[in-house]
Every structure is written in C-alpha cells, then in structure tokens.
Amino acid sequence: MEELLDKIAHCVEVGKINLKTPFPPAMKGQPGAEELTLQALKEGIAPAEILTQGLIKGMEKIGVKFKNNQVFVPQVLMSAKAMGTAIKHLKPYFSDGSVAMKGQFIIGTVEGDLHDIGKNLVAMMVEGNGYEVIDLGVDVNTEKFLEAIKQHPDAYVGMSALLTTTMTNMEQINSAIKAAYPGVVTFIGGAPVTAEFAQKIGADYYTDGPQELVEILNRISA
Amino acid sequence: MTHKERVLRALNHEETDRPPFQATFTPEFADRLRREFHLPEQRTEPHHRTWYGYDLEILTGQDALQAGGGWVTNYYLKPENYTDEWGVEWKIDPYETPFGTGHYTNIARNPLRDDDDLAMAYKAPDPLRPELYRHVERLVREYGQEYYIIGRVHGTLFETAWALRGLDTFMTDFYINPDLVCHLLDETGNYHRRMCLEMVKRGVDMIWLGDDMGAQQSLLIDPDLWREFFKPRMAAIIADIKKANPAVKVAYHTDGCNYDIIPDLIEIGLDVLNPVQTECMDPAVLEDKYGDRLCFFGGIAVQSTLPYGTPDEIRREIDWLKGTLGRGGGWLSAPTHHVQLDTPMENFFTMLDALGIEDKRPR
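Protein sequences appear in the order of chains Z and H. Start counting the first sequence at 1; every next residue gets the next number (our numbering). Start counting the second sequence at 1001; every next residue gets the next number (our numbering).
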C-alpha cells in the first residue's frame, strides 16, 4: 500500500498525469497519477489516505522545490494538473464526509488587476495541500469577497495583485472584510506587495510564495 | 552633443555629459504631464503604434524616440472593449490612484485556449502592410538626425503566443503539446521578425524586442525550456536584423529576474538588456559580470521608488544607477515600465533633475 501511495506522490511531483501523457519522457507509456489513484481505490485504500499520503505528499514536495527555485512555474502547473486529474476520482468521497478537508480558502486577484498566474499557483498549491479553494478569479471587488465570506464564514481569505496601482485596492477590501467579519484571517501577496504593506493595511499575513502560505495555513488551521 | 550622439556614445560604452534618457507613459499619466506643460489634450498610448507626435518626449528631455509595432500595440487600442486583429479579446479595467482614475486594457479571452486544432491551424496577420510603417518612416524623416530612433517590437514570441493560447495552458503545452508551441512561436515570431526587418529598412537605429520571461525571483520557465524553444528563434531574429544592418543595436525587454539567461542572450548577439528591475536583479552584479559586453536600458524602479520613494530616495537611486549600470557609459536610463498614474509629479521631475535634465515646465 505504502509503495502505491509513494508512486502516486511521485507522479504528482513530476507531473505525470496519466498513461497517455508523454511527460515526463522517462515515464512515457507508464500509468500516471490518475490510473494509480483508481488502482488504489480498487485495492480498498481509504480515499483520505490516498489524498494525504499520495496526492498531497506530491504537491508538498513540488512546493518545496518551487520555493527553493529548483523548479519553475510550468512544472508546478504539470503537478497541479496531475493532482487535479486524480482528485476528480476522490471527489465523490468528499461530500459523504469520508475525506475531511483541512479548511477553506477564498482567493482572488483584486479589482482592476487581471494578472492571475501567481494567484492560480497559490490556489493550486493550497488545494493540493488539502484545502477547499473558492477561487473568485480576477478583478474581484469588495462585494464579491464579502459575498464569498458570507457563504463560507470559516474560510481564510487571500488577495493577489501584480501592480502598484491595484495593490492599493487591497486596503479597502481588507478593511471591509475586517469590519464585517473581524475573525477572518487575511493573506496578501504579489510582486509589489511587502510585509510592511500588509502591516499598514491590517492584513494578517504577507507571503512571497505559495509554499510559505501553505505552511502558515497548516500551522494556524491545525 | 545631439540627443542621438548621446545615446550612440553611451551604447558604445563611452561617458556622456549625462545619461541618455527614454520613457513611456500610461495614458492618464501622459494626460497629467500634458497639463503640467500646458499642452492641449490629446489621446495617447505608450506604444506609439501610430503617429501622434513627440511633444511630451521632447519636453521631458528624452534622447531616444520610439515607434511601435506588432501584437503588443493592441494594448490601449480603444476606450471600450474590443477584439484585436489577432483574435484576442480585451476589456477595460478602471483603477483608482491618488491622482485620479486610470484605465488598463486587459486580455479578456484567449481565442485558442481550448481548441488544439484551431491553434495548430492559426495564421498570424500580414506583417507587410505599408500602413503599419508610416509612423516609423515619418519619425526617421523628421527626427532621425537629432534623435536616436527605436523600433519597438515587443511580444516578439512568448507574449503573443500566450495571449492567443492562455498563459497557464501555454506553459503546460511545453510538455504536453510541444508541436503546438512551436507552431505558435513560429507564427508570432515570423510576423515580428518581418516587422523588425521592415523597420530596419526604414532606418531605425535600434530594434527593441521584448517578452517578459522573468518572475520576481526567478525565470517564469525553466532555463532549459527557454533554450529549447526561445533561444534559437531569438538568435535567428537577431542574426537577420544584424545581416540587414550591422549598425542597428538590438535591445530586449524582459521584466523580472533573468540572471539565468543573460549569458545566452549575449551569446546570440544581444546588445542591450531592458528593463533591469532592481527589485529583482542587482545592478552592481550585472555591471560587474556583463557590463563590458552588454548595455543596460532602464533601471529606474516603477514598482517601488518612482511611486513610493521620497525625492531624496529618488536622487539616491539615480546616483546608485549611475555608479553601477552607468559606470563608464553603457546605460540608457529609463523607468522600468510605462510611468504609472500613481507616480507623484514631484517624483517624476526629481528623477529628471537627478539625471541632469532641465525642467521645462512653464512658470
């Protein structure tokens, strides 16, 4: 069992989606995260086990490598694709309670800004680490954030921006969130964003990469 | 010394009376500048895709004037939502700053995102339409004696290809659909290569290529992927430009942290690196390692100092850049992107003053 879960983790880490994808070349013609997940289910391994000991393990490894600049965005996207394809087969078990998620995370690129590669990376990494992600997309205004929090009052909230002219919108959105839902924990990130800026606008955390954010989430949600 | 001589000398690694200067402005920052200079209102865009004159460039002491072409000039194309001739759909996004409301044009839909067959059959528009070059001809004719003329062809390969396909999809295409990546890079690359050659034929002094390959702390993609897919295509474009006119300099714009590919860029004949974001790369390291073989264009930080710095901090930054990127010439000073609407006017004119450029605002 352990060996199969390790194989699943490896497939996610290297971005091996399924049998028919040619990447990585060294694994051409071999089963990927999808087939191995199906095999694990067939062998009676608990879905929660497959998720935490297989898929999430793989995402954790790629997350650490990305943090250490050992891999680049395209490889992380491949890992996320492998994870996303495999996790579809576990989704039926999420709703019946046999797989518990670690928490919920609302994320969006703030109003006026359409840059989403960083936001998507964070969303994938958070999801890949066992959280339910509510991705509001790009150009997200205060009302949309508040509406999402109303529906998911226990969720953590992440805001992203690439531009100096749009990161200022974080201040307004963060204040509105804190006024309406003082208990909600907020995260901000993006190229021009700094820890000082987070402190100035009253956001709880600034991180400069998805892995740091996941580590904080794991710590505060434990 | 003419403006043109100042740039030529600097790019020849010679000291000049002051660093040569170039800048572009977001439309609303240009509006503010026009008011500062008591100029009549005029709709402008930072790429100069058509002729609308160079009064702001001249009044702000710029030594190099640019005319743009290629897919990237579809940014800021219209005040309402539009689809460009490549099929990319755009929307208008307003944003607020202390100095008023600005508008970005942002990509709303990538036409080839979900359709591999459509992507494989994609053909770029015709790059040889004479009307695409009227402004270049006029710029060279009217200002080419006194000013250094730049033909700007950004989005040369990567950005146009991913605008068509979607950035996240295109990034996994490298592994899953390499043939599709090659097709889109060849279509976009050939269009822009032809455009560069047409501009060289019309007498520009520099071709300014561009594709953002850097993220904040590393390249966006694995350097090996860059070497496989981009390096040979860029090498061919640079070689063609140099063959057409060996005196033309080639600059390359890539935002972010690009340490990993600088030696490769030098190897394929690049003359000038832009924009040198100092939040991402250390100008002292760049000058020490590559300053003898590469010139630098940019350096003045629009992501930090220009909008947020105090006038003192701006002066210190310019001095720092003069002593690093500009040591012994080799620096065409410029903000690292279009000057943004969140920039205080005092900061902008402090930058000019620190560079040794006279404030020509009417008193």
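We treat Cβ as the ideally placed atom computed from N, Cα and C, and that holds for glycine. These figures come from a predicted structure and were not determined experimentally.
Identify whether residue 45 of chain Z lies in helix, strand or coil by the three-state DSSP scheme.
The answer is coil: DSSP assigns residue 45 of chain Z none of H, G, I, E or B.
Hey, how far is the Cα of residue 151 of chain Z from the Cα of residue 1251 of chain H?
Spanning the two alpha carbons is a distance of roughly 51 angstroms.
Return the Cβ separation of residue 72 of chain Z and residue 1221 of chain H in integer angstroms, given the expectation that the two are a contact with Cβ distance under 8 angstroms.
Their Cβ separation, rounded to whole angstroms, is 5 angstroms, which keeps residue 72 of chain Z and residue 1221 of chain H in contact under 8 angstroms.
Alpha carbons only, please: which of Z/95, Z/34, Z/142, Z/80 is nearest the one belonging to residue 109 of chain Z?
Checked all of Z/95, Z/34, Z/142, Z/80; the closest Cα to residue 109 of chain Z is Z/142.
The alpha helix (DSSP H) with residue 12 of chain Z in it runs from where to where?
Start and end: 2-14.
Starting from the N-terminal side, write out each stretch of the beta strand (DSSP E) that is 3 residues or longer and does not extend beyond the stretch 1065-1133 of chain H.
With a minimum length of 3 residues, the continuous beta strand (DSSP E) runs that stay inside the stretch 1065-1133 of chain H are 1089-1097, 1100-1109.
With three or more beta-carbon pairs closer than 8 angstroms as the criterion, would you say the stretch 1322-1342 of chain H touches the stretch 1023-1041 of chain H?
Taking 8 angstroms as the limit for Cβ pairs, the verdict is that the stretch 1023-1041 of chain H does touch the stretch 1322-1342 of chain H.
Taking a cut of 8 angstroms between CB atoms, which residues from the stretch 69-101 of chain Z lie near chain H?
Correct list: 69, 71, 72, 73, 74, 75, 77, 78, 81.
Give the C-beta separation of residue 1162 of chain H and residue 1174 of chain H to the nearest angstrom, bearing in mind that I take them to be a contact with Cβ-Cβ under 8 angstroms.
Incorrect: roughly 11 angstroms between the Cβ atoms, too far for contact.
Please classify residue 1154 of chain H: does DSSP put it in a helix, a strand, or coil?
In the structure shown, residue 1154 of chain H sits in a strand (DSSP, three-state: E or B).
Grab me the residues of residue 93 of chain Z's own chain with a C-beta within less than 6 angstroms of its C-beta, minus the 5 sequence neighbours each way, in chain order.
For residue 93 of chain Z, where only same-chain residues beyond five positions count, the Cβ hits under 6 angstroms are 47, 99.
Would you identify the three-state DSSP class for residue 98 of chain Z, choosing helix, strand or coil?
DSSP places residue 98 of chain Z in coil when its eight states are reduced to three.
Mind reading off the beta-carbon distance from residue 24 of chain Z to residue 14 of chain Z? Whole number of angstroms is fine, and I expect it under 8 angstroms.
Confirmed, about 5 angstroms.
Note down, one range per segment and in chain order, each beta strand (DSSP E) of at least 3 residues found wholly within the stretch 1256-1311 of chain H.
If we require 3 residues or more, the beta strand (DSSP E) runs fully inside the stretch 1256-1311 of chain H come out as 1272-1274, 1295-1300.
Would you kindly work out how many angstroms separate the C-alpha atoms of residue 1178 of chain H and residue 116 of chain Z, rounded to a whole number?
Cα-Cα distance, rounded: 23 angstroms.
Residues of the stretch 106-137 of chain Z in Cβ contact with chain H at a cutoff of 7 angstroms, in chain order, please.
Per Cβ criterion, the list reads 112, 114, 117, 120.
If you measure between the beta carbons of residue 17 of chain Z and residue 91 of chain Z, is that distance less than 7 angstroms?
No, the pair does not count as a contact, with Cβ atoms beyond the cut-off.
Since I believe residue 5 of chain Z is in contact with residue 49 of chain Z (beta carbons under 8 angstroms), could you give me their beta-carbon distance rounded to a whole number of angstroms?
Right, their Cβ atoms sit about 7 angstroms apart.
Quick check on DSSP: helix, strand or coil for residue 75 of chain Z?
Residue state, collapsed to three classes: helix.
Could you work out which residue in Z/33, Z/186, Z/177, Z/54 is closest to residue 130 of chain Z when comparing CA atoms only?
Nearest C-alpha to residue 130 of chain Z: Z/54.
Taking the alpha carbon of residue 1315 of chain H as the point to measure from, which residue in H/1043, H/1347, H/1335 has its own alpha carbon closest?
With distances taken between Cα atoms, residue 1315 of chain H lies closest to H/1347.
What are the boundary residues of the beta strand (DSSP E) that residue 1171 of chain H is part of?
Counting along the chain, residue 1171 of chain H falls outside any beta strand (DSSP E), though it belongs to the alpha helix (DSSP H) covering 1167-1176.
Would you say residue 23 of chain Z lies against chain H (beta-carbon separation less than 7 angstroms)?
So yes, residue 23 of chain Z belongs to the interface.
Assuming residue 1213 of chain H and residue 1070 of chain H make a contact with CB atoms under 8 angstroms, what is their CB distance in whole Å?
At roughly 17 angstroms, the Cβ-Cβ gap does not stay under 8 angstroms, so residue 1213 of chain H and residue 1070 of chain H are not in contact.
Is it buried or exposed, residue 182 of chain Z, if we count other Cβ atoms within 10 angstroms and call 16 or more buried?
It counts as exposed.
Quick one: is residue 1118 of chain H buried, meaning 16 or more other Cβ sit within 10 Å of its Cβ, or exposed?
Exposed, by the Cβ-count rule.
Give a single yes or no on whether residue 183 of chain Z has its beta carbon closer than 6 angstroms to a heavy atom of the ligand MG.
The model on display carries no ligand, and the ligand MG is accordingly not part of it.
Just tell me which of H/1308, H/1289, H/1090, H/1064 has its CA closest to the CA of residue 1075 of chain H.
Answer by Cα proximity: H/1090.
Taking only runs of the alpha helix (DSSP H) that begin and end inside the stretch 1174-1220 of chain H, which ones reach a length of at least 4 residues, in chain order?
DSSP runs (the alpha helix (DSSP H)) wholly in the stretch 1174-1220 of chain H: 1178-1201.
Nearest to residue 1261 of chain H by alpha carbon, out of H/1296, H/1288, H/1224, H/1241?
Comparing Cα positions, the closest option is H/1224.
Which residues, in chain order, does the stretch 1165-1182 of chain H contribute to contact with chain Z at a C-beta distance below 7 angstroms?
Against chain Z - using a Cβ distance shorter than 7 angstroms - the residues of the stretch 1165-1182 of chain H are 1167, 1168, 1171, 1172, 1174, 1175, 1176.
Check for me: the alpha helix (DSSP H) holding residue 1324 of chain H runs from which residue to which?
From DSSP, residue 1324 of chain H is part of no alpha helix (DSSP H); its letter is neither H nor E.
Work out the CA separation of residue 1167 of chain H and residue 1271 of chain H for me, nearest whole Å.
If I take the Cα positions, the gap works out to 28 angstroms.
Given a cut-off of 7 angstroms, decide if residue 1297 of chain H and residue 1244 of chain H are closer than it, judged by their beta-carbon atoms.
Result no, Cβ atoms of residue 1244 of chain H and residue 1297 of chain H do not sit closer than 7 angstroms.
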